[in-house]
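Below: one structure, written as structure tokens.
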Amino acid sequence: MIKIIVTDGIDKEGLESLASHNGFKLYVTEDSKELLKELPDADALLVRSKTKVNQELISQGKKLRFVGRAGVGVDNIDVETATKKGIVVANVPGGNTISAAEHTFALLLALARNVPQSDASVRKGVWKREKFIGSELLGKSLGLLGFGRIGREVAKRALAFGMKVFAYDPFISEANMKASSVQAGSLEALLKECDYISLHLPITDETKKIINQKTIALMKPDARLINCARGELIDETSLISALELKKIKGAALDVFTKEPLENSPFFGLENVILTPHLGASTEEAQIKVAKELSDSVKEFFEKGLIRNAVNVPSLDIENLEKVSPYIALAENLGKFIFQIAKGGIEEIKITFSGDFSSAVSHLLAITVVRGVLSSAIGKAEVNWVNALPIAKERGIRVEEIAVSEVEDYTNLMTVQVKTALQKRSVSGSILTKGIPRIVRIDDLPVDVIPSGHLLVLTNLDRPGVVGFIGTLLGQNQINIAEFQVGRRSQGGEAVSILNIDSPVSQEVIKKIGEFSGITSVCVVNLT
50 MIKIIVTDGI DKEGLESLAS HNGFKLYVTE DSKELLKELP DADALLVRSK TKVNQELISQ
110 GKKLRFVGRA GVGVDNIDVE TATKKGIVVA NVPGGNTISA AEHTFALLLA LARNVPQSDA
170 SVRKGVWKRE KFIGSELLGK SLGLLGFGRI GREVAKRALA FGMKVFAYDP FISEANMKAS
230 SVQAGSLEAL LKECDYISLH LPITDETKKI INQKTIALMK PDARLINCAR GELIDETSLI
290 SALELKKIKG AALDVFTKEP LENSPFFGLE NVILTPHLGA STEEAQIKVA KELSDSVKEF
350 FEKGLIRNAV NVPSLDIENL EKVSPYIALA ENLGKFIFQI AKGGIEEIKI TFSGDFSSAV
410 SHLLAITVVR GVLSSAIGKA EVNWVNALPI AKERGIRVEE IAVSEVEDYT NLMTVQVKTA
470 LQKRSVSGSI LTKGIPRIVR IDDLPVDVIP SGHLLVLTNL DRPGVVGFIG TLLGQNQINI
530 AEFQVGRRSQ GGEAVSILNI DSPVSQEVIK KIGEFSGITS VCVVNLT
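According to the numbering used here, the sequence shown holds residues 50 to 576 in order.
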């Protein structure tokens, strides 16, 4: 009998297929002490966002093999610890798309017509129509920061209302947006020109606090801001100040840096609408994600198949261990190429040289695409099931090529991407003892461990470059673990890759880029 613990009020109707199954026993609890008591002999744990599946909790699950998240984000789950324990972590990507898009548009309408404020006024016995004069949406401009699944659905609704829709997403081609009747634009242009700004970005180093004092200053005085994505996208202190000083017309927020929201300065502002993270909170969405999660549980325990996992691919468990070193390498090659390429990716070509079966090479190709996309839209949003459909949705062509012979290496994976600006490539292999290595960058030979923080430079092979970089990093307390240089010929084009122990500031990157002979510099994060 498989014991499954269910917490956080996951929809009962959606779990019916598990509850009625003779091979499964469901234990439903909302109490943290009961949860810890029941965990030692549990096989699976199903949660929403409330329960924190941390290291302490995972250590109590002696038999735990599966943790399921009824939703998209896995911020409340210690995925790294679960992976080390051999526990599969699965989510339900896409199940909340329509609900999140509709809530975004509900907040947009509420902002336009002052719905919450006028409701509160009437309830107080105050009938002042002139105080709550609204604004039509027809002809107004909506700027979407992020054009993934939810952003596209919001765009459809805005277009139906006669709005002009613009989008900023550096990872989606202009042609792809145009096909949806949406005009591509820069971040600065959207902030300056649009009447409404709606956030639909994942949290990355680049997007964290993308709405801040500087970007708010670009917005029009009558602009309105909506966020149903992630609270960390906004510097809340800067937004509160802007609302207090009426630098923008208003804001509607469903997500916050810290939840639940308590004793917040937002509470005293009339020009902000607040909802308690309701984006996915519809009956339909809750049933849908619970049903999809139930299907994943049944497939895992009955057939040994893994679906929608965020830490292992969809493969039968027996063969997973055999290819796991190549899976890790493939994902890191995808992440690496994404971070060194300039411009939105239009094409990904993966070449397998050596002894790769067609099934394994296809899985690895999907893993490469997952690595590329996870860097763009967030790891929780993309898995081995939806990676190729998302790539197609974003107008990215994916090609797999098999070559039987390979020089120097038993097996070699090469990933080439084409953007509107350039072509870049990276090759990797598994060396002795299962150690992964990046062995080529743009056909230049290197020997790099694909992990941690990397500093990647292209430069002319001339004296002084290595010394300058080493001195500058040392002055900024950045330790170099490894320093690799690959060159085409003496005095010609070269690539330098440094494994470093800590991130590099933008100021240091700027100084490196200004040094004579260095043609490009970028930081790659493979943590």
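Even for Gly, the Cβ is constructed at its ideal location relative to N, Cα and C.
Counted within 10 angstroms of its Cβ, other Cβ atoms place residue i as buried (16 or more) or exposed
i, result
"Asp404", "exposed"
"Pro270", "exposed"
"Phe154", "buried"
"Thr416", "buried"
"Gly482", "Looking at the sequence provided, one finds Lys at residue 482 rather than Gly. So Lys482 counts as exposed."
"Arg356", "buried"
"Ala469", "exposed"
"Trp176", "exposed"
"Ile136", "buried"
"Thr56", "buried"
"Val100", "One detail in the question is off: residue 100 reads as Thr in this sequence, not Val. Buried: at least 16 other Cβ atoms inside 10 Å."
"Arg273", "buried"
"Arg172", "exposed"
"Leu294", "exposed"
"Leu187", "exposed"
"Arg511", "exposed"
"Ser410", "buried"
Close beta carbons around residue i, own chain, < 6 Å, minus the five adjacent residues each side
i, result
"Ser98", "Asn125"
"Lys467", "Glu395 and Glu396"
"Gly192", "Phe215, Leu239, Cys243 and Ile246"
"Thr331", "Ser148"
"Trp257", "According to the sequence provided, residue 257 is Lys. The question's Trp does not apply to it. The residues are Glu281."
"Ser423", "Val431"
"Val77", "Val55"
"Ile259", "Leu282"
"Ile297", "Met268, Ala272 and Ala291"
"Glu69", "In the sequence under discussion, the amino acid at residue 69 is Ser, which differs from the Glu named in the question. So the list is empty, once near-sequence residues are dropped."
For residue i, the residue or residues it bridges with in DSSP
i, result
"Glu542", "Leu509"
"Cys571", "Val505"
"Ser247", "Leu193 and Ile275"
"Glu242", "Looking at the DSSP assignment, Glu242 forms no beta bridge with any residue, so it has no partner."
"Asn548", "Leu503 and Glu531"
"Ser402", "Val452 and Leu461"
"Glu380", "DSSP, once it has assigned bridges, lists no residue as partnering Glu380."
"Ala216", "Leu193 and Ala233"
"Glu396", "Arg446 and Lys467"
"Arg536", "Ala543"
"Ile260", "Ile283"
Proximity winner among the options, relative to residue i (alpha-carbon distances)
i, options, result
"Gly197", "Thr481, Gly562, Ala440 and Ile527", "Ala440"
"Phe401", "Tyr458, Ile53 and Ser500", "Tyr458"
"Val102", "Val138, Phe73, Lys112 and Gly72", "Val138"
"Arg489", "Thr463, Leu506 and His502", "Thr463"
"Glu654", "Lys111, Pro499 and Lys340", "There is no way to answer for residue 654, as the model of the chain reaches only from 50 to 576."
"Ile182", "Arg172, Val164, Ser190 and Gly195", "Val164"
"Pro552", "Ser569, Asn528 and Val534", "Asn528"
"Gln166", "Ala300, Lys112 and Ala436", "Ala300"
"Asn140", "Val338, Gly63, Arg279 and Glu531", "Val338"
"Gly519", "Gln471, Val557, Gly535 and Leu64", "Val557"
"Arg419", "Glu285, Ile450, Lys61 and Phe385", "Phe385"
"Leu506", "Gln555, Gly541, Gly523 and Ile561", "Ile561"
"Ala278", "Val203, Ser345, Gly211 and Ile297", "Val203"
"Lys307", "Ala425, Ala408 and Ile283", "Ile283"
"Val573", "Gln555, Arg443, Ile389 and Ile479", "Ile389"
"Gly63", "Leu521, Leu342, Leu412 and Glu448", "Leu342"
"Gly266", "Leu248, Leu288, Glu255 and Asp254", "One point to set straight first is that residue 266 is Ala, not Gly, in the sequence displayed. Residue Leu288 is the option with its Cα nearest to Ala266."
"Leu503", "Asp127, Ala530 and Pro374", "Ala530"
"Glu65", "Asp344, Glu442 and Asp491", "Asp344"
"Lys241", "Lys263, Leu323 and Ser545", "Lys263"
"Gly513", "Ser565, Asp550, Gly523 and Val304", "Ser565"
"Leu310", "Asp218, Gly58 and Pro325", "Pro325"
"Ile199", "Ser81, Gly211 and Leu248", "Leu248"
"Ile53", "Glu87, Asp127 and Ala224", "Glu87"
Own chain, CB closer than 7 Å to residue i, minus 5 neighbours either side, in chain order
i, result
"Ala329", "Gly120, Asn145, Ser148 and Ala149"
"Gly477", "Leu378, Leu382, Met462, Pro485, Arg486, Ile487, Val488 and Pro499"
"Leu208", "Val214 and Ser230"
"Ala131", "Ile107, Val116, Val138 and Asn360"
"Arg537", "Leu493"
Sequence-distant residues of its chain with Cβ nearer than 8 Å to residue i (five each side left out)
i, result
"Val321", "Leu292, Gly299, Ala300, Ala301, Leu302 and Phe315"
"Ile51", "Gly72, Phe73, Lys74, Asp92, Ala93 and Phe350"
"Ile252", "Arg279, Glu281, Leu282 and Gly427"
"Gln232", "Lys213, Val214, Phe215, Ala216 and Met226"
Residue-chain proximity (residue i, chain D), Cβ-Cβ < 8 Å
i, result
"Ala224", "Note that chain D does not occur in the displayed structure, where there is just one protein chain."
- Query: Taking the runs of the alpha helix (DSSP H) that are 4 residues or longer, which of them lie wholly in the region 436–516?
  - Reply: 436–442
- alpha helix (DSSP H) runs wholly inside the region 108–194, at least 4 long, in chain order: 128–133, 146–162 and 164–172
- beta strand (DSSP E) segments (min. 3 residues) lying fully within the region 276–357: 299–302 and 321–323
- Query: Can you list the alpha helix (DSSP H) stretches of 4 or more residues lying completely in the region 51–101, in chain order?
  - Reply: 65–68 and 81–87
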